[in-house]
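Numbering (the working numbering), first residue to last: 2 to 104.
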């Protein structure tokens, strides 16, 4: 069953319509989602550019490397686990900051 069952129709002029289309495309939102977010005073962020995806791919690779180091450390006990955990936590925080900035 649909969550939203009340329909609202609005009338726009050409300028308003063009702005709506541009805003929705820039934010990668449907018209309905765009209006709902405006109505609920939610922050509407633009769709991230290519730079974001390049950074996220690099972060992913670093995360994989950290996981491999952790596995080796657990097997051999030849690494400072507290230091590794600290670095891993820093990486997770940084990744979250990047997501929050771009998304």
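Here a beta-carbon is modelled for each residue, glycine too, at the ideal position from N, C-alpha and C. Owing to the predicted nature of the structure, the values given are computational and were not obtained by experimental measurement.
Quick check: what's the CA-CA separation for residue i versus residue j?
{"i": "residue 78", "j": "residue 86", "result": "14 angstroms"}
{"i": "residue 51", "j": "residue 75", "result": "36 angstroms"}
{"i": "residue 43", "j": "residue 72", "result": "41 angstroms"}
{"i": "residue 32", "j": "residue 3", "result": "17 angstroms"}
For the alpha helix (DSSP H) holding residue i, just list the boundary residues, first then last.
{"i": "residue 6", "result": "Per DSSP, residue 6 belongs to no alpha helix (DSSP H) and is neither H nor E."}
{"i": "residue 20", "result": "15 to 28"}
{"i": "residue 56", "result": "51 to 77"}
{"i": "residue 88", "result": "82 to 103"}
{"i": "residue 34", "result": "32 to 40"}
Give the C-beta separation of residue i and residue j to the nearest angstrom, bearing in mind that I take them to be a contact with Cβ-Cβ under 8 angstroms.
{"i": "residue 46", "j": "residue 28", "result": "7 angstroms"}
{"i": "residue 99", "j": "residue 60", "result": "7 angstroms"}
{"i": "residue 24", "j": "residue 6", "result": "With a Cβ gap of about 26 angstroms, residue 24 and residue 6 do not count as contacting."}
Compare the C-alpha of residue i against each of the options and name the closest.
{"i": "residue 55", "options": "103, 3, 6 and 40", "result": "103"}
{"i": "residue 48", "options": "90, 93, 26 and 22", "result": "26"}
Segment contact, 8 angstroms Cβ cut-off, at least three pairs: the region 62 to 81 with the region 10 to 23:
no
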